[in-house]
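Participant:
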Amino acid sequence: MALELFLEGDPIADTKAPTDVPIGERWSERKFRGKLVNPANRRKMTIIVVGTGLAGGAAAATLAEAGYKVKSFWFQDSPRRAHSIAAQGGINAAKNYRNDGDSVHRLFYDTVKGGDFRSREDNVHRLAEISTQIIDQCVAQGVPFAREYGGLLDNRSFGGAQVSRTFYARGQTGQQLLIGAYQAFERQVAAGNIETHSRTEMLDLVVVDGKARGIVVRDLVTGEVTTHVADVVVLGTGGYSNVYYLSTNAKGSNTTAIWRAHKRGAYFANPCYTQIHPTCIPVSGDYQSKLTLMSESLRNDGRVWVPKERGDSRPPQDIPEDERDYYLERKYPAFGNLVPRDIASRQAKNVCDEGRGVGPGGLGVYLDFAEAIERLGRKAVEAKYGNLFDMYARITGEDPYSAPMRIYPAVHYTMGGLWVDYDLQSTIPGLFVIGEANFSDHGANRLGASALMQGLSDGYFVLPNTITDYLSAGPFEKVPADHPAIVEAEEGVKAQVEKFLSINGTRTVASFHRELGRLVWDYCGMERTAEGLRKALDRIPEIRKEFWTNVKVAGDAHTFNQNLEHAARVADFIELAELMCIDALHREESCGGHFRAESQTPEGEALRNDEEFAYVAAWGWTPEGEPPVLHREALEYEYVHLAQRSYK
Amino acid sequence: MQLTLRVWRQPSPQVKGKMANYHLTDVSEDMSFLEMLDVLNEQLILDGEDPIAFDHDCREGICGSCGLMINGIAHGPEQTTTCQLHMRSFSDGDTIDIEPWRSGGFPVVKDLVVDRSAFDRIISAGGFISAPTGTAPDAHATPVPKVDADAAFDAATCIGCGACVAACPNGSAMLFTAAKVTHLGLLPQGQPERDSRVVRMIAQQDAEDFGGCTNIGECSAVCPKGISMETISRLNHDLLGALRAGAVPAS
Amino acid sequence: MLVATVTTQQAGQSAGANPGPKRDPKTGRFGSSVFKKAVMAVTGIIMILFLIAHMIGNLHVFQGAASFNDYSEWLRQVGEPALPPRTLLTVIEIVLLVSVLAHGWAAVSLWRQAKRARPIAYQTKKRVQQSYASRTMRWGGVIVGLFIIYHLLDLTFGVANIDGPDATPYDRLIASMSNPVVVFFYVLSLLALGFHLRHGVWSATQTLGQSNKRRERAVNVFATAFAVVLIGGYLVIPFVVLTGIVA
Ligand SMILES: Cc1cc2nc3c(=O)[nH]c(=O)nc-3n(C[C@H](O)[C@H](O)[C@H](O)COP(=O)(O)OP(=O)(O)OC[C@H]3O[C@@H](n4cnc5c(N)ncnc54)[C@H](O)[C@@H]3O)c2cc1C
Ligand code: HEM
Ligand code: HEM
Ligand code: SF4
Ligand code: F3S
Ligand code: FES
């Protein structure tokens with residue numbers, strides 16, 4: 004690998020998981036070995052939690068309940084609107100209520116394998132263990148999971164799993180889980196244990212004597228820039244799929260919090276691992292602002308196909324059975340339409356690249372329910388998927404009961420994020436990262452219904468138990484308001500705001516975001532090549548330069564200014580995009596969501612290179628113009644044997 | 048198509064607002080309502096004008112951010128959220144009036160953006176089940192009859208958008224509060240706090256400058272999640288029961 | 016250009032924090048808007064019961080002056096001599112007076128709350144669901160209230176009656192009902208009352224927590240039918256007097 008791309012740094016390792024005991028005992032052993040905080044002392048300690056999604060909301064509620072003083076920050080108007088609200092499909096748990104052979108070990112195994120052997124065994128095992136408690140907790144809070152006539156919880160199988168372990172609440176699992184966490188959160192607000200800061204965006208991390216001690220925030224309503232200090236800082240700020248401009252994420256989802264923490268010294272791990280979701284509604288025009296996901300559960304009954312002939316422009320009803328190619332069923336007879344997301348997505352791209360795509364621009368494949376409607380009856384299909392069908396009809400103006408839906412892959416989830424150890428602590432002591440914001444337990448590819456599981460596991464169960472080890476040394480010395488670290492950070496934020504407003508160029512923030520997104524999608528999207536990535540790496544610095552000299556930001560700094568918010572987020576996306584491409588270029592293998600065209604089997608499947616790349620790539624920040632520093636964390640597999648993933 | 052928009056512009060809470068006119072050409076039928084506003088805003092920015100502030104996030108009809116009063120109807124002519132409303136619901140040459148939610152409980156922040164934190168405070172007053180993390184019994188310990196679970200779910204689909212308040216001639220938040228009271232009150236887990244929950248939530252709702260409900264039903268008719276009037280009846284039933292039982296909230 | 020900086024310390028109160036509740040919640044049971052509504056519903060139902068009885072009583076008019084006057088007399092003598100004269104009537108009057116006052120108090124209080132709840136009116140507002148009846152509850156109630164006052168002065172005390180307080184109830188009735196202006200006011204008020212009850216019956220069912228999805232339709236149909244029958248029952252009297260069927 005050419006040296007100018009990055010510098011080789013020291014290897015890095017997780018030192019917190021007690022590997023001297025068997026994997027099934029490590030989590031309880033870790034809890035036992037970690038130090039605790041005396042209840043009387045908790046009141047004296049302040050914890051900043053940024054984000055109120057499943058991860059941040061659950062963590063804030065649990066820590067406040069435990070007696071700490073929690074300060075919570077989020078950018079929407081209400082904590083209930085965090086992006087977790089949008090998750091549709093469900094949440095996994097190894098309850099084995101179906102008696103179909105599920106177990107903690109099987110969930111562990113499936114997740115490690117699903118992640119294409121690029122996740123840590125210890126973390127994944129812990130996740131599988133905790134999964135069952137999550138369901139108990141949520142039910143106790145009143146989360147209305149789907150139930151059967153006997154009054155017990157219903158399960159379904161989801162995204163490539165051969166057991167039914169997914170708990171769901173119609174097509175709104177994320178909403179129901181988040182509302183559960185939000186209600187627990189509000190209960191603590193009422194009890195006076197959480198101080199809330201809505202419409203407040205974190206714009207920098209304050210590091211004092213090597214420890215994370217606070218954050219610089221901007222009140223989005225008044226424009227006021229302030230610093231909040233605490234004993235420890237927790238980030239649960241979600242994923243960065245919006246670097247692609249078009250994604251299934253909410254418009255406000257951003258990388259700013261973690262990116263700025265990265266610039267303060269936190270390593271950013273595996274930035275190139277992004278998940279492309281196979282079942283989204285295709286793009287309809289240039290004005291498109293986001294992509295809408297159709298729950299993956301649709302693949303349980305819908306059949307994916309394209310015409311056999313390229314350029315076949317007949318309406319789908321007129322294409323006879325034998326001229327249709329049910330390509331997933333053909334290529335993967337064992338899993339059929341239920342292959343994991345990365346495979347389903349790439350296959351869709353392949354058939355479209357062959358010119359067999361359908362709909363405007365040829366970027367779409369059919370998801371057909373005709374057979375399901377015939378087999379189950381329209382009523383049953385309606386009961387199961389009615390709300391999704393309605394959503395499709397509303398957005399496209401087409402009726403999915405009479406003609407097949409058109410779907411296309413879209414960016415959906417980012418497996419990369421800030422590097423954390425087993426305790427969820429980043430490389431900056433006192434900075435903990437939870438939920439999608441950390442590099443998470445999903446390796447190179449996340450299985451369906453496991454992000455909700457991870458967010459809640461981190462928030463309710465892991466962080467509240469591991470943070471005590473760090474806090475046992477506290478409360479830490481107060482940081483004075485005029486501490487140089489605070490002054491410097493605040494000045495930096497204000498200078499950036501002023502800079503944006505003073506450029507007064509000719510292009511809108513959104514136009515830069517669209518251009519960047521398109522570039523990253525083309526070259527660092529579903530399929531990556533060295534050549535394409537190099538192209539992107541040539542272009543990104545130019546975009547950055549133009550952005551900082553020619554962007555036009557409306558309004559001023561001391562009123563509610565959404566354009567200014569967007570500008571700051573896009574500035575960070577540009578920098579992140581560069582790191583993503585470097586990461587993607589350096590990883591000369593295909594794994595999970597990262598498919599390098601140069602590395603595939605003769606049948607066109609992803610080909611891993613475990614010899615060279617069985618590691619987590621944790622990147623250290625260097626100032627603009629200098630190559631980033633790569634720290635490798637070697638991955639070892641004691642319990643699940645490294646094997647080429649096969650869903651044939 | 049071509050449109051004339053009349054949009055409420057109000058730079059800040061202190062300043063009086065007014066309607067401003069904008070003309071928009073080349074609007075595609077497939078655009079969502081918010082995408083149409085995006086297009087207008089980019090134009091405004093390039094013209095050196097202040098873009099129109101409006102709340103939005105998920106653009107999938109689930110986060111509840113995007114409430115606008117469109118031609119006098121909360122979320123516009125379809126019973127859905129503004130982000131899920133598409134321009135095919137309008138015709139070429141239409142004039143569209145866009146206003147913020149108007150309620151004493153929802154002060155305007157800027158233009159079409161209002162402060163809905165009153166809803167959070169209503170939830171905070173009692174819209175929860177006290178279940179500290181880690182104390183839960185097995186999820187199957189208490190079966191819940193499917194009809195109850197389904198009805199609770201129907202009520203739990205409320206996205207906190209505030210359209211009910213915006214549409215109610217009394218500016219009442221009753222449907223929102225009733226949805227939560229119904230969701231939790233139908234589940235066995237919600238029983239211990241059932242009385243105090245409803246008393247506290249209603250007290251908070253009244254304190255937030257929302258009106259009282261006179262069962263007009265406008266709220267349910269515009270609710271993007273179709274929360275039913277039955278929830279209001281349930282809330283009333285619970286409240287009267289709680290008052291009879293003498294449930295006075297501990298402070 | 017930027018606003019002054021405030022730096023907040025751990026465990027301290029922050030300047031950027033959200034304001035707490037605007038006002039302390041009213042925790043007393045009488046402060047609750049739902050309680051006020053319940054008062055309206057209960058007093059409304061009491062008044063409805065009276066109206067049913069009153070309508071039936073009024074229909075004595077068809078049996079002629081004697082019967083009507085006897086009925087009126089009977090009302091004043093029930094229970095005598097065990098009870099003092101006018102006991103029943105006084106009880107009814109007190110209950111009605113309390114009801115109407117409580118009803119009015121709750122109405123005014125909720126009206127004011129609703130005004131506060133929408134300080135700025137919409138430039139454009141369309142109706143999606145609300146009926147004429149539900150929209151006119153307040154002013155309709157005011158009309159009914161004014162009517163009751165006039166009605167008492169007219170027929171009970173007779174001071175506003177052309178025949179004066181000394182005439183028999185029957186004569187006073189005929190006198191009023193023969194006057195087109197008075198009849199116009201009666202008809203108008205009765206229609207207002209009809210609308211008031213059309214929504215009121217449904218509303219009271221909801222307010223008392225007795226409605227649900229299955230019953231919703233039935234309650235509404237009943238409310239309409241009830242209002243029509245009741246108001247119809249009242250309207251026949253001015254109709255028959257005016258047209259001379261009863262004289
Ligand atoms: C459409 C969709 C469907 C999905 N369906 C499923 C599913 O079925 N099953 C599943 O397991 N997973 C699903 N996922 C993935 C899953 O929903 C997310 O990964 C998960 O909810 C992330 O939760 P989180 O708590 O980490 O972050 P989020 O929920 O994204 O929360 C982020 C929080 O951080 C705050 N924040 C962000 N940046 C800042 C900042 N700079 N300053 C202050 N605050 C900030 C936000 O206000 C918000 O409160 C889905 C995702 C999408 C997009
Ligand atoms: C003094 C004059 C009156 C006024 C000002 C008045 C006003 C009101 C108002 C504002 C309401 C609430 C509106 C609503 O629920 O939509 C109401 C409800 C009602 N009124 Fe009246 N009203 C008056 C007289 C009456 C009379 C004479 C009756 C009956 C005979 C009556 C019966 C009812 C009933 C049944 C309700 C429904 C209660 C509920 O919603 O729970 N009202 N009235
Ligand atoms: C056409 C319609 C009506 C007619 C002909 C009518 C007739 C009368 C008469 C004759 C009396 C006097 C009875 C007596 O003193 O013995 C009376 C009393 C009364 N009416 Fe009516 N009435 C009518 C409608 C109404 C309505 C709509 C209301 C209420 C909303 C009402 C409320 C009363 C009350 C409160 C009294 C006094 C009862 C008492 O003194 O206890 N009436 N009415
Ligand atoms: S009840 Fe309906 S209209 Fe009201 S906040 Fe909830 S979803 Fe919105
Ligand atoms: S419109 Fe208003 S009056 Fe009640 S029924 Fe709905 S809150
Ligand atoms: S933007 Fe989330 S509901 Fe419309």
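Same order as they appear, the protein sequences are chains A, B and C. In this text, residue positions in the first sequence follow our numbering: the first is 4, and each later residue adds one. In this text, residue positions in the second sequence follow our numbering: the first is 48, and each later residue adds one. In this text, residue positions in the third sequence follow our numbering: the first is 16, and each later residue adds one. The C-beta atom is built at its ideal place from N, Cα and C for all residues, glycine as well. Small disclaimer: the values here were computed from a predicted structure and weren't measured.
Return the CA-CA distance between aspartate 356/A and histidine 122/B, expressed in angstroms with no decimal places.
Facilitator: Looking at the two C-alpha atoms, the distance is approximately 39 Å.
Participant: For phenylalanine 199/C, is the classification buried or exposed, using 16 other Cβ atoms within 10 angstroms of its Cβ as the cut-off for buried?
Facilitator: Counting Cβ neighbours within 10 Å, phenylalanine 199/C comes out exposed, since fewer than 16 surround it.
Participant: Mind pulling the chain B residues with CB within less than 8 Å of methionine 456/A?
Facilitator: By Cβ distance, chain B contributes nothing, its closest Cβ being about 14 Å from methionine 456/A, past 8 Å.
Participant: Here's the rule I'm using: 16 or more other beta-carbon atoms within 10 Å means buried, otherwise exposed. How should isoleucine 71/C be labelled?
Facilitator: Exposed, by the Cβ-count rule.
Participant: Answer with buried or exposed for asparagine 564/A, where buried requires no fewer than 16 other C-beta atoms within 10 angstroms of its C-beta.
Facilitator: So asparagine 564/A ends up on the buried side.
Participant: Counting C-beta neighbours from all protein chains within 10 Å, is the total for leucine 427/A 16 or more, i.e. buried, or is it exposed?
Facilitator: By the 10 Å Cβ count, leucine 427/A comes out buried.
Participant: Pull up the DSSP beta-bridge partners for aspartate 315/A, would you.
Facilitator: Its beta-bridge partners do not exist; DSSP assigns none.
Participant: Shorter than 6 Å, the distance from the beta carbon of phenylalanine 257/B to the closest heavy atom of ligand 4, or not?
Facilitator: Not so, every heavy atom of ligand 4 lies at least 6 Å from the Cβ.
Participant: Strictly below 9 Å CB to CB, what residues from chain B border serine 149/C?
Facilitator: Within 9 Å Cβ-Cβ: Pro216, Thr261, Asn262, Ile263, Gly264, Glu265.
Participant: Please name the residues in the segment 97-113 of chain B whose beta-carbon is closer than 9 Å to at least one beta-carbon of chain A, in chain order.
Facilitator: Those residues of the segment 97-113 of chain B that come within reach of chain A (Cβ to Cβ, closer than 9 Å) are Asp97, Pro98, Ala100, Phe101, Asp102, His103, Asp104, Cys105, Arg106, Glu107, Gly108, Ile109, Cys110, Gly111, Ser112.
Participant: Check the Cβ of isoleucine 182/A against every Cβ in chain B and list those closer than 8 Å, keeping chain order.
Facilitator: Within 8 Å Cβ-Cβ: Ala203.
Participant: Taking lysine 140/C as the reference, give the member of Gly108/B, Thr72/B, Gly218/B, Val86/B with the closest Cα.
Facilitator: It is Gly218/B whose Cα lies nearest to the Cα of lysine 140/C.
Participant: Is cysteine 584/A near alanine 413/A, with beta carbons less than 7 Å apart?
Facilitator: Contact flag unset, no.
Participant: What are the residues that DSSP puts in a beta bridge with alanine 621/A?
Facilitator: Answer is Ala272/A, His634/A.
Participant: Compare the Cα-Cα distances from glycine 215/C to each of Ala240/C, Asp169/C, Ile177/C and report the closest residue.
Facilitator: Comparing Cα positions, the closest option is Ala240/C.
Participant: Classify isoleucine 218/A as helix, strand or coil using the three-state DSSP reduction.
Facilitator: Reduced to three states, the DSSP call for isoleucine 218/A is strand.
Participant: Between proline 184/C and ligand 3, is the CB less than 6 Å from at least one heavy atom?
Facilitator: For ligand 3, at least one heavy atom lies less than 6 Å from the Cβ of proline 184/C.
Participant: Name the two residues that bound the continuous alpha helix (DSSP H) containing histidine 280/A.
Facilitator: From DSSP, histidine 280/A is part of no alpha helix (DSSP H) but of the beta strand (DSSP E) over 277-283.
Participant: Determine whether the beta carbon atoms of aspartate 144/B and arginine 56/B lie at a separation below 7 Å.
Facilitator: Not closer than 7 Å, so no.
Participant: Roughly how far, in whole angstroms, is the beta-carbon of threonine 199/A from the beta-carbon of valine 192/A, given that I think they are within contact range, below 8 Å?
Facilitator: 6 Å between Cβ atoms; contact.
Participant: Just the C-alpha distance for glutamine 179/A and alanine 203/B, rounded to the nearest angstrom, thanks.
Facilitator: Whole-angstrom Cα-Cα distance: 7 Å.
Participant: Could you give the C-beta distance for arginine 159/A and glycine 93/A, rounded to a whole number, given that I count them as a contact under 8 Å?
Facilitator: Between glycine 93/A and arginine 159/A the Cβ distance is about 7 Å, and since that is below 8 Å, they are a contact.
Participant: Give every residue of the same chain whose Cβ lies closer than 6 Å to the Cβ of methionine 78/B, excluding the five residues on either side of it in the sequence, and list them in chain order.
Facilitator: Within the same chain, methionine 78/B has close Cβ partners Met134.
Participant: Using a threshold of 7 Å, state whether the C-beta atoms of glycine 114/B and cysteine 208/B are closer than that.
Facilitator: Their beta carbons are under 7 Å apart, which means glycine 114/B touches cysteine 208/B by this criterion.
Participant: Looking at the structure shown, is histidine 133/B part of a helix, part of a strand, or coil, going by DSSP?
Facilitator: Note: histidine 133/B maps to strand in three-state DSSP.
Participant: Given valine 342/A, which residues of its chain have a CB within under 7 Å of its CB, disregarding the five upstream and five downstream residues?
Facilitator: Answer for valine 342/A: Gly163, Leu331, Tyr335, Tyr650, listed in chain order.
Participant: Leaving out the 5 sequence neighbours to the left and right, which residues in its chain are closer than 7 Å to valine 256/C when beta-carbon positions are compared?
Facilitator: The residues are Ile189, Met192, Ser193.
Participant: To which residues does DSSP link threonine 511/A through a beta bridge?
Facilitator: Note: threonine 511/A sits in a beta bridge opposite Lys555/A.
Participant: In three-state terms, what does DSSP make of cysteine 205/B?
Facilitator: Cysteine 205/B: coil per DSSP, three-state reduction.
Participant: Applying a beta-carbon distance threshold of less than 8 Å, which residues of chain C neighbour isoleucine 206/B?
Facilitator: Neighbours of isoleucine 206/B on chain C: none; closest Cβ ~18 Å, over 8 Å.
Participant: Please find out if some non-hydrogen atom of ligand 8 comes closer than 6 Å to the beta-carbon of glutamate 198/A.
Facilitator: As far as ligands go, the structure on display features ligand 1, ligand 2, ligand 3, ligand 4, ligand 5 and ligand 6 and does not contain ligand 8.
Participant: Excluding the 5 residues flanking glutamate 581/A on each side, which residues of the same chain have their C-beta closer than 6 Å to its C-beta?
Facilitator: Answer for glutamate 581/A: Ile543, listed in chain order.
Participant: Three or more C-beta pairs closer than 8 Å, one from the segment 247-264 of chain A and one from the segment 392-403 of chain A: is that the case here?
Facilitator: Touching, no.
Participant: Between which residues of its own chain and serine 300/A is the CB-CB distance below 6 Å, once the five residues before and five after are set aside?
Facilitator: If we look at serine 300/A and ignore the five residues flanking it on each side, its Cβ neighbours are Gly92.
Participant: Excluding sequence positions up to five away, which residues of its chain have a Cβ less than 7 Å from the Cβ of leucine 132/B?
Facilitator: Same-chain partners within the cutoff: Ser79, Phe80, His122, Gly123, Glu125.
Participant: Would you say phenylalanine 442/A touches ligand 1, meaning its beta carbon is less than 6 Å from a heavy atom?
Facilitator: Not under cutoff, so the answer is no.
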